[in-house]
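Input: a single structure, listed below in structure tokens.
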Amino acid sequence: MDDEEYMKPMLPTVPEKCGPPVIPLGHLIEFAVQQIFHELTVLSELLPKKLDSDRKISIVQFAHSTRVLFIKLLAVVKWVKSSKKFESCANRFIPDPPITPREEACVLARLNQVIQYRLSSFGTKLSPRISKTVIRNGMVTMTVNGEFEVSLTLLGERPTTKWTLLNIKILVEDYEIGFGTKLIHPLQVNMLHNVLQLRMDKSLEPFQEVYNLLHSFAQMLQLDVLFCQATQVLSGNMCQYAVIERYTSQYRIKIFIDKENENNGLRVRHFPVGKGLPYIDDRSGLSINRLLSETVGVRCRERLLRIRERLGLLKPPVIVSLTGRAAPTLTYPLLGAQSHVDEMLVLSINDFSGNVIAIVRALGPCLELRELEQFIDDRVPLQTITDKMSRLRILLMLERYRKAVAPLPVRIVPENVFCTRLSSLPDLPPDRICLQFIKEEMYYLIVSFTPNEQTGVNIDMYLLSNIERKLNMIRLHPSQLLTTLPESSFSNARNEDDLEPPVKRRRWLGDRRLLTSAVATLDDRLAFMRICEELDRRKVKYKPLTVEPTVGGLILHITDFSEAVPSGSDDFFSSVINCCLRLDTRTRVIWPFECTLINTPLVADFYEPIMCVDYESMKTKTTVMEIHGSGGVSSPNTSESVSTHMIDRLIVFAHMFDPVKEFAAAYYSHYNKYCNIVAFTYHKLVLAYGSNRNMLMMLSWRTQKAPNNKQYFYLTFGIGPNRPTTTVDLTNSETLWNPHVLLASRLQERFNKRRSLIDLVQYLIDSVAPLFALHSFTRIRLQSLRAFCQMMCYDASLALGLQVTITIVDEYRIRLIYGHMHLEFLLLGNSRIGLRDCSLGSACVFRLRQFCSNFLSPELRSMNEEKSPSAFGWTASGSGPGSLPCHQMVRSPASRIVSSPMSHMSLSVPPIDSFGSSLRYSSDGRSKTPILLDHDSLHCMTSVDEFGICPLDEYLFALAYLSKLGPALEGYRREHRGSGAHPIIQFRQLIATPESVRLSVLGAAPPNLKHEPFLVNMNIYLDEETMSLKMKLDFDGEDIPADSDIRTAELYFIRFVARLGNEIAVVAFANACRLAAPGAFSAIARIMSMQMNWTEDTPWRPSIQLVMWSQEGSVPRARISPGIVIDQTNISVLILVRFRNLRTY
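The opening residue of the sequence shown carries number 1 in the numbering used here; numbering runs sequentially from there.
Put into structure tokens, the structure is as follows:
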């Protein structure tokens, strides 16, 4: 094959899918490999399941088919290799040496310079529509937006080198019909490419030739697109309103090519000419729809502007606004500047038909709007349009008032229902709305509407009453003309002085707020009329209804309540200087009742002393009570409820006034040293007493409506903030509870009988210290009785009880119950208290006098040594101060105050005939010798010291513990007498008395011990010096424990064993003392010492488990067993010791 064959020009490239079918050789080889791999995989899976002979046959078949396939591939490869075409391709696979990137960059840069130089010579001749010219990578690209984009290059540097056309791209697109598809075929582009290249080679102005040819082609293509779009539009909804190339309407659009200036695009001409009419922008896209829509929008705007000029001539003059975003509209405020958006007249033009469309959202579709659409034209007189506008205003006002009265206490009465009654009245305008008050159904409000050229709409209001078929009407606005038919009493209910003269009234705007205000004002007056009728029925005197001069609103001044409040005294009514009733309907219906009183008996001085404030200015007090209407603003239920609340409030004031005024003189003369007034509001008195003034007494008057209408003084007690005083605080702790709560019901009953605040306050001052001491002592402490019941063989469902309780016998006697012991405290005058043992049966509180003598002063100690307590003067002959005669107790409070100190007063001393016998000796077994105490001694015996020890608690606990320990140990010995299944302890001696328990047990000596074991003697008793529980431990015999270990065990018993409150723990402790093995008791004593002397810095806290739960019998039953037990042979010992890890990581 010679070289000339390679120099022949190559055949043109065959377009894709236009030649004979071909397949690459690589694909054939890949298909063959995949086929063989698939058959080999199937063969490997099937061979294990076949017989020997079948396996051989399958392998031979696979080898044969594979050989045949590869033979075919070999034949194809040999044929291709020997063919002429393969040799030509093989020779062409030997390329020239590639150029380097540096050489390529230099060539492209040089070519860009040549193109820029050649292009500069044509710069003045290029069309201004060429928006972008880019020189890059050895070629120039010129773009005309919306038409075409062309790329050219040069193949040499000589000036005579022709331009070579590289690419043409047509930018004309159609997204409305063709959805963005290409408008010309690639073959058309190739033809255009060849023609343009030939014309460029022959032309002296190649760039002008390129622009002219492609610009003409693009404009013809644009016209084709617009014609197609117009054809589609006119075949649809606009077929009746527009045609092509035929003038049948007022408006016309012409689209043409400007032949005079080839640099222009498609031109648009509108008939008639106007401002703002659109044109075709062929650079951003062609759309006949957009052109028509923008043209119609401009034409509609022009017509709306002409309509606005005519509407501006109407009266009353308003501002007509040009609104609308998507489409232009006119907005005409029918009701002036105060019109709501739904009350605006909105005018627009139909884009298809050109007709006027009128809309008022509040009216919806109505006949008046359709007529207005026909009348808005240049040929219709202005008066006709004015009449239609006036009618629309009246319809809007009617609709506005129908919606506005929905939440108001009125209902709309249809015209046909009330027309017969209105016929007898003077002529009313036909456009009106009749409103009936819901709570006052005999009253009506008629609102009429008439057109007015100056204001738009005139609104008149008439108040109509229909009482006993007699009509009475008042024109409320613009004048106050009273038109009366049959005479009625309605005019008497109104005061003409309350209404402003007609000349001072402003123009009624008719908005919703003003209507609401008008209806509310009328409803308020009707409600006050009902109140006045109810007050007349109750014989309450009042002034005529007036208007508040400062803030507005109606106010009713009440002058005399004396006939309605029979319990009030003359002093009380003379102190009432002002009573008035108002009405507040802002958020809900509230009747504020204001009452002003002078010469207030008591003034609050808790926070500031009375001498530091202006006392006279504080003696005038104004109270406001908010009365909530039960049935709305005006109804019989509301008027009755409001009147009842007002009278009830004054009844409370009258009842509180008398006892407070009686106490006031005594308070400012004497009692202000011992108590303070926190508040006095005529319906409640709050008094603070106590050493810190943190005890509160609250007194009020209550009325129980059902079932017996009981009226009484209600007394409550509480606590408040401390007030610094010079008095010594006896509590030394924060007060969390008022002890007089225990006596609240008794003190309330007593006060309702006597109604004397002097007596009540004197009792509170005298009794607060002892009651607080007793209450602080009787804190809630639960005590388990499970072990005691088990040892006594009792079957208790709930073996639990309070360790100490307090009960109230009466306001002078308080009983303290501690276990089986009952102590009775008698509150006496002169800071004295009587104490006696009132336990059932014989005396249970042993050595009570000896215990009390440790806290008594020498004077009281000598008085208690007398045999007859009546010589002490404990009883009194009356309930008032001891220094006053009996005939002076009924005088004024000031006469009861004496100059002697409070210690001589005995208001809280009980009468002798009630329980004075409780202080004398008696022959029955329940009476015990009483003991006389004072408040300081009671506080000392009931207070807790810095070590947490209370003397009275230690004393009573010792007696209660001893009273149960003896019987419990005796019961335990009876239950475990003899041998049993469980380890037991044998008591050699057990002697129990109310003041001590003695027991002896034999030491548990091991069998190899050569001598007799020691004897353990335990004496648990009431110590006469400390009056607390003590324990004495003695050992008789050889090898007894050390004295230090014995003292440790004695102290451990008092601090842990006894306080555990478990009698079985004593058995466990006795077993611990019986251990006779060398060093055993000493080791236990060390554990006891560590348990007692434990500190927080030690990682482990040891403790001896004195009791434990165990199961007995076939049926599981929990029982308490000793935590330290010794078997009968004294060989095995069980000692439970618990170690608690307190170290935190």
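Built from N, CA and C at the ideal position, the CB exists for glycine as well. Source: prediction; values computed, not measured.
Check: 8 Å Cβ cutoff met for Cys1174 and Glu1063; Outcome: Residue 1174 cannot be examined here, being either before or after the span of the chain that is shown, 1 to 1145.
Check: Rounded straight-line distance, which links the Cα of Arg252 to that of Gly297; Outcome: 14 Å
Check: Alpha helix (DSSP H) runs wholly inside the region 997-1054, at least 4 long, in chain order; Outcome: 1043-1052
Check: Exposed unless 16 or more other CB atoms sit within 10 angstroms - verdict on Ser390; Outcome: buried
Check: Inter-residue CB distance, Val624 and Pro592 (contact presumed, cutoff 8 Å); Outcome: 5 Å
Check: Secondary structure of Val380, DSSP reduced to three states; Outcome: coil
Check: Three-state secondary structure (DSSP) of Asp524; Outcome: helix
Check: Extent of the continuous alpha helix (DSSP H) to which Ser65 belongs; Outcome: Asp52 to Ser82
Check: Given 8 Å, three or more beta-carbon pairs between the region 58-78 and the region 24-39; Outcome: yes
Check: According to DSSP, residues forming a beta bridge with Ile1100; Outcome: First, the residue type needs correcting, since residue 1100 is Trp and not Ile in the sequence shown. Trp1100 pairs with Asn1141.
Check: contact_flag[the region 812-825, the region 751-761] where n(CB pairs < 8 Å) is 3 or more; Outcome: no
Check: Cβ-Cβ distance between Leu1017 and Asp1036 below 8 Å; Outcome: What sits at residue 1017 in the sequence shown is Asn, not Leu. Contact: yes.
Check: Spatial distance of Phe1146 from Leu554 (CA atoms); Outcome: This structure leaves residue 1146 out entirely; the chain is present only between 1 and 1145.
Check: Rounded distance between the beta-carbons of Leu363 and Leu396, thought under 8 Å; Outcome: 7 Å
Check: C-beta atoms of Phe148 and Ile168 nearer than 8 Å; Outcome: yes
Check: Three CB pairs or more closer than 8 Å across the region 204-219 and the region 131-139; Outcome: no
Check: contact_flag[the region 805-813, the region 1057-1071] where n(CB pairs < 8 Å) is 3 or more; Outcome: no
Check: Minimum C-alpha distance to Val565 - residue among Leu650, Ala520, Pro544 and Met618; Outcome: Leu650
Check: Neighbourhood of Gly312 by C-beta distance below 8 Å, restricted to the same chain and skipping five residues each side; Outcome: Val320
Check: Contact under 8 Å by Cβ, Leu43 with Ser58; Outcome: yes
Check: Rounded distance between the beta-carbons of Arg299 and Leu322, thought under 8 Å; Outcome: So it is not a contact: roughly 15 Å between Cβ atoms.
Check: Neighbour flag for Ser831 against chain B, beta carbons, 8 Å; Outcome: No chain B is present in this structure, which holds just one protein chain.
Check: Ala744 versus Ile677: straight-line alpha-carbon distance, rounded; Outcome: 19 Å
Check: Pairwise C-alpha distance: Val77 and Pro24; Outcome: 12 Å
Check: Candidates Glu453, Pro429 and Val457: closest to Ile446 by CA position; Outcome: Pro429
Check: Straight-line gap, Pro1006 to Pro1102 (C-alpha atoms, nearest Å); Outcome: 27 Å
Check: Boundaries of the alpha helix (DSSP H) in which Cys852 is found, first to last residue; Outcome: Leu848 to Ser853
Check: At least three beta-carbon pairs within less than 8 Å, the region 683-700 to the region 782-798; Outcome: no
Check: Beta-carbon gap between Met1108 and Leu1136 smaller than 8 Å; Outcome: yes
Check: Neighbourhood of Asn864 by C-beta, 6 Å cutoff - its chain only, sequence neighbours within 5 removed; Outcome: Ile931 and Leu932
Check: Range covered by the alpha helix (DSSP H) that runs through Phe593; Outcome: No alpha helix (DSSP H) contains Phe593, which is instead part of the beta strand (DSSP E) from Ile590 to Leu597.
Check: Asn289 versus Pro994, Val944, Ala105 and Ile177, residue with shortest Cα-Cα distance; Outcome: Ile177
Check: DSSP state of Arg988 mapped onto helix, strand, coil; Outcome: strand
Check: Helix, strand or coil at Arg586 [DSSP, three-state]; Outcome: coil
Check: Three-state secondary structure (DSSP) of His935; Outcome: helix
Check: Rounded C-alpha distance that separates Gln1111 from Pro858; Outcome: 58 Å
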